[in-house]
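Asks: Per the numbering used here, the sequence shown runs over residues 830 to 1217.
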Amino acid sequence: MSGGDLRSLAAVSATVTAAMCYVRFAAGRLRPGLPRLTAFLPVLAVLPFLPFAFSAIHPRAISGFFLAWLAEFKLLRLAAGKGPLHPSLPFPAFVAVASGPVRLHGDGPDKAQGTSSGLDLASSAVMAALLAVIVSLYWYQEAMNQYVLLTLYAFHVYLALELVLASAAAAARALLGMDLEPQFDRPYLSASLRDFWGRRWNLSVPAVLRPCVHRPVRARLGTAAGVLATFLVSGLVHELMFYYITLRPPTGEATAFFTLHGACAVAEAWWARHDAWWRPPRLVATPLTLAFVLVTAFWLFFPPITRPGADKLVIAECEAAVAFVRGAGAWAAGGLSARSTETAGASRLMRPRRMARCSGGNFCVYCAYGCRVVMKMYRNKSIAWLLV
């Protein structure tokens, strides 16, 4: 992230904090309904424009998702007197819940939380390594088949979203004692489109679309209409997300993609109601579902991004991030090697001879080594010294 984007991050954060302070104050003094909605209108109008403060695609798209999608729908729910927001929440918690996919800590035993944190750390380390492999493969994109490259893009989207949310979860847990809502639940195991979109992929989206779109439409027009309306709204908001990425006018392809999937989800539900009709076994249904998602994504989802060359800009930003992490890893390795001369325990952890044999281009070696170091320090409860 450039210096300009860092300044933009500070300005956007201050603006969002001030806006949520006003929203919380207004919600505490106005009754739900038209009075609250009228008071919220200035904030609802400003939030979609804040992501344009960023020049880089990644912060623009991420802030667009948090502010122009999640925050907008949550504020509409608050205007109607519905959760998850409530003016009685402490202000830091109110801001976090309003501007991101955040929930309060559940009441669970400390031991279970520690186990979950360990699993999250291990999972994030594996995903970081896989994402590093994908980024390194982009060096050979000119020699790749188009559909192989698009498949890499699909995995890139999944891994990047998981890592961004895992990083945000760690920050929210450490600073506010809060957790992010789970974003994914092994979407590669989906046995139907309803399973994929409703229970496994980007779960913060159905969490806001169900109460805002699906339930009201279903109550008036039936389940099928509720599903179709939900996918239609998702497609329209994805057009806005793509605009944040490409800065090009909407093409309608994202809307067509989600409308098609909504129609197919309705057809799935209709077929499932007939118990006597044939259903493919899960071992067949899962690859068929994933193949349908990928093929339709190649046709309708990715072209609005690849056509103007936005994917090349995304890859360039990823390569810049890899170069930064590589340099930081080399700097940290040098610092850790220096510490190894002071303590015998640190010398066993750093293994400077092995690091000396790593070339500058072997990012995967640094990534795997870094994950190993972090995991060992986590087990030894000795992460704090990294901050010294």
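All residues carry an ideal CB built from backbone N, CA and C; glycine is no exception.
Being a predicted model, the structure only gives us computed values, none of them experimental.
#1: Candidates Leu-979, Leu-981 and Ala-961: which alpha carbon is nearest Ala-1150's?
#2: Could you work out which residue in Pro-1035, Gly-1055 and Ala-1098 is closest to Arg-1044 when comparing CA atoms only?
#3: Put Ala-1150 into one of helix, strand or coil per three-state DSSP.
#4: Along the chain, where does the alpha helix (DSSP H) that runs through Gly-1080 open and close?
#5: I'd like to know whether the C-beta atoms of Leu-899 and Gly-929 end up nearer to each other than 8 Å.
#6: Taking the alpha-carbon of Leu-992 as reference, which of Ser-952, Gly-1051, Ala-856 and Ala-1001 has the nearest alpha-carbon?
#7: Would the region 1116 to 1129 and the region 1080 to 1099 be scored as touching if the rule is three or more Cβ pairs under 8 Å?
#8: What number of angstroms, rounded off, separates the C-alpha of Ala-1053 from the C-alpha of Thr-1084?
#9: Which same chain residues end up closer than 7 Å to Gly-857 when comparing Cβ atoms and leaving out the 5 residues on each side of it in sequence?
#10: Can Phe-923 and Arg-853 be called in contact, C-beta distance under 8 Å?
#11: If contacts are defined as beta-carbon pairs under 8 Å, then Pro-1133 and Phe-1071 qualify, I think. What distance do you get, rounded to the angstrom?
#12: At 4 residues or longer, what runs of the alpha helix (DSSP H) sit wholly inside the region 969 to 1041?
#13: On the criterion of 16 or more Cβ atoms from any shown chain inside 10 Å, does Leu-835 qualify as buried, or is it exposed?
#14: Expressed to the nearest angstrom, what Euclidean distance is found between the alpha-carbon atoms of Gly-1064 and Leu-1004?
#15: From which residue to which residue does the alpha helix (DSSP H) around His-1067 run?
#16: To the nearest angstrom, how far is it from the Cα of Met-1184 to the Cα of Ala-957?
#17: Which residue wins for smallest C-alpha separation from Ala-840, given the options Ala-909, Ala-954 and Phe-878?
#18: What separation, rounded to the nearest whole angstrom, lies between the Cα atoms of Val-1046 and Val-1037?
#19: In chain order, what residues of the same chain have a beta carbon less than 6 Å from the beta carbon of Phe-895, not counting five sequence neighbours either side?
#20: Going along the chain, which residues of its own chain have a beta-carbon closer than 7 Å to the beta-carbon of Leu-1117, five neighbours each way excluded?
#21: Contact check, Leu-981 vs Leu-966 under 8 Å by CB: the rounded distance?
#22: Based on the DSSP secondary-structure assignment, which residues constitute the bridge partners of Val-845?
#23: For Arg-865 and Leu-859, what's the separation of their Cα atoms in angstroms?
#24: State the start and end residues of the unbroken alpha helix (DSSP H) segment that holds Leu-873.
#25: Can you tell me whether Tyr-1073 is buried or exposed? The criterion is at least 16 other CB atoms within 10 Å of its CB, across all chains shown.
#26: What residue does the alpha helix (DSSP H) around Leu-904 start on, and which one ends it?
#27: If you draw a straight line from the C-alpha of Leu-914 to the C-alpha of Phe-920, how long is it?
#28: Using the C-alpha atoms, what's the distance from Arg-1049 back to Ala-908?
#29: Can you give me the Cβ contacts of Val-964 inside the same chain, cut-off strictly under 6 Å, excluding the 5 residues immediately before and after it?
#30: Ignore the nearest five residues each way along the sequence and tell me which others in Thr-846's own chain have a CB closer than 7 Å to its CB.
#31: Tell me whether Ala-1173 sits in a helix, a strand or coil according to DSSP, three-state version.
#32: Alpha helix (DSSP H) containing Phe-923: first to last residue?
Replies: So, to answer that:
#1: Along the sequence shown, one-based indexing puts residue 1150 at 321. Closest option to Ala-1150, Cα to Cα, is Ala-961.
#2: The count along the sequence shown starts at 1 and reaches residue 1044 at position 215. Looking at the Cα atoms, Gly-1055 is the closest of the given residues.
#3: On the sequence shown, position 321 is the one that residue 1150 refers to. Reduced to three states, the DSSP call for Ala-1150 is helix.
#4: Reading the sequence shown from its first residue, position 251 is the one you call residue 1080. First, the amino acid is wrong: residue 1080 is Thr here, not Gly. Where Thr-1080 is concerned, there is no enclosing alpha helix (DSSP H), given that its DSSP letter is neither H nor E.
#5: Stepping through the sequence shown from its first residue, residue 899 is reached at position 70. Stepping through the sequence shown from its first residue, residue 929 is reached at position 100. Yes. Within cutoff.
#6: On the sequence shown, position 163 is the one that residue 992 refers to. Ranking the options by Cα distance to Leu-992, first place goes to Ser-952.
#7: yes
#8: Taking the first residue of the sequence shown as position 1, residue 1053 is located at position 224. Taking the first residue of the sequence shown as position 1, residue 1084 is located at position 255. So the two alpha carbons sit approximately 17 Å from each other.
#9: Sequence index remark: in the sequence shown, residue 857 carries index 28 (1-based). Contacts found: Pro-916.
#10: For this step, residue 923 is matched to residue 94 along the sequence shown. For this step, residue 853 is matched to residue 24 along the sequence shown. Going by C-beta atoms, Phe-923 is nearer than 8 Å to Arg-853.
#11: The residue given as residue 1133 occupies position 304 in the sequence shown. The residue given as residue 1071 occupies position 242 in the sequence shown. About 5 Å separates the two Cβ atoms, so the contact holds.
#12: 975 to 1005 and 1033 to 1038
#13: Residue 835 sits at position 6 when you count from the first residue of the sequence shown. Flag for Leu-835 reads exposed.
#14: On the sequence shown, position 235 is the one that residue 1064 refers to. On the sequence shown, position 175 is the one that residue 1004 refers to. Cα to Cα, the separation comes out at about 34 Å.
#15: Reading the sequence shown from its first residue, position 238 is the one you call residue 1067. Here the alpha helix (DSSP H) through His-1067 covers 1052 to 1075.
#16: To locate residue 1184, count along the sequence shown from 1; it is residue 355. To locate residue 957, count along the sequence shown from 1; it is residue 128. A caution first: Met-1184 carries a pLDDT of 35, below 50, which makes its placement in the model too unreliable to give a value.
#17: Here the question's residue 840 lines up with position 11 in the sequence shown. Ranking Ala-909, Ala-954 and Phe-878 by Cα distance to Ala-840 puts Phe-878 first.
#18: Here the question's residue 1046 lines up with position 217 in the sequence shown. Here the question's residue 1037 lines up with position 208 in the sequence shown. If I take the Cα positions, the gap works out to 14 Å.
#19: Taking the sequence shown and counting its residues from 1, the one referred to as residue 895 is at position 66. Contacts found: Ser-928 and Gly-929.
#20: As a working note, residue 1117 is residue 288 in the sequence shown. Contacts found: Pro-1109.
#21: The residue labelled residue 981 in the question sits at position 152 within the sequence shown. The residue labelled residue 966 in the question sits at position 137 within the sequence shown. Contact flag correct, Cβ pair sits at about 6 Å.
#22: Residue 845 sits at position 16 when you count from the first residue of the sequence shown. None; Val-845 has no bridge partner.
#23: For the purposes of this step, residue 865 is taken as residue 36 along the sequence shown, with counting starting at 1. For the purposes of this step, residue 859 is taken as residue 30 along the sequence shown, with counting starting at 1. Approximately 6 Å, taken between the alpha carbons.
#24: Counting from 1 along the sequence shown, the entry for residue 873 is found at position 44. Taken as a continuous stretch (DSSP letters only), the alpha helix (DSSP H) holding Leu-873 covers 863 to 875.
#25: Here residue 1073 refers to the residue found at position 244 when the sequence shown is read from its first residue. The residue in question, Tyr-1073, is buried, as its Cβ has 16 or more Cβ neighbours within 10 Å.
#26: For this step, residue 904 is matched to residue 75 along the sequence shown. Note, Leu-904: alpha helix (DSSP H), 901 to 908.
#27: Indexing the sequence shown from 1 puts residue 914 at position 85. Indexing the sequence shown from 1 puts residue 920 at position 91. Between Leu-914 and Phe-920, the C-alpha separation is close to 11 Å.
#28: Start at 1 with the first residue of the sequence shown, and residue 908 comes out as number 79. Start at 1 with the first residue of the sequence shown, and residue 1049 comes out as number 220. So the alpha carbons of these two residues sit roughly 21 Å apart.
#29: Here residue 964 refers to the residue found at position 135 when the sequence shown is read from its first residue. So the list reads Cys-1147 and Val-1151, once near-sequence residues are dropped.
#30: Taking the sequence shown and counting its residues from 1, the one referred to as residue 846 is at position 17. Within the same chain, Thr-846 has close Cβ partners Val-924.
#31: Indexing the sequence shown from 1 puts residue 1173 at position 344. Reliability of the predicted coordinates at Ala-1173 is poor, the pLDDT of 45 falling under 50, and the value obtained from them is presented with this limitation in mind. It is helical.
#32: As a first step, residue 923 must be located in the sequence shown, where it is residue number 94. Note, Phe-923: alpha helix (DSSP H), 920 to 928.
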